[in-house]
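Numbering (our numbering), first residue to last: 9 to 112. Glycine included, each C-beta is placed from N, C-alpha and C at the ideal position. The structure presented is a predicted model; accordingly, all values stated were derived computationally and were not measured. I have placed the structure first, in the form of structure tokens, so that the comments after it can refer back to it.
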Amino acid sequence: MLETTAKTETPVKKRRRKGLGEIHLEGTCRFQVEILNSRIPRLNEVMAKSGYRTKREFWDSAVNLLEWAIVKHLEGGRVGVQTEEGTFLPLEMPPVTLLKKATP
9 MLETTAKTET PVKKRRRKGL GEIHLEGTCR FQVEILNSRI PRLNEVMAKS GYRTKREFWD
69 SAVNLLEWAI VKHLEGGRVG VQTEEGTFLP LEMPPVTLLK KATP
């Protein structure tokens, strides 16, 4: 029987990983979302079309857009899109729709 006495050693990494706080310059927390499997291809397609590399970037922008829409509505503005024909199509999302019903 052959015996080997040589040990293999894994090289020590010299690069120190940065903590999340160092990368983002503020504290972070883990946030988990359950999403239907059928929605994943659509999510990935929208991310690819809009240039987002990570779901965190996508999520941050989505929340910022929703916050902006709510603030503009509360300020009396209208949020939506105007077609080339000049027709205004308002943004229809549950939070904005609820605000429309709640504000006089």
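In this structure, 87 is the residue among 55, 87, 62 with its C-alpha nearest to the C-alpha of residue 73.
Residue 80 has its alpha-carbon roughly 16 Å from the corresponding atom of residue 96. The DSSP-derived three-state label of residue 79 is helix.
For the pair residue 39 and residue 55, the CB atoms are not nearer than the 8 Å cut-off.
One alpha carbon belongs to residue 42, the other to residue 78, and they sit about 24 Å apart. For residue 96, the three-state secondary structure derived from DSSP is strand.
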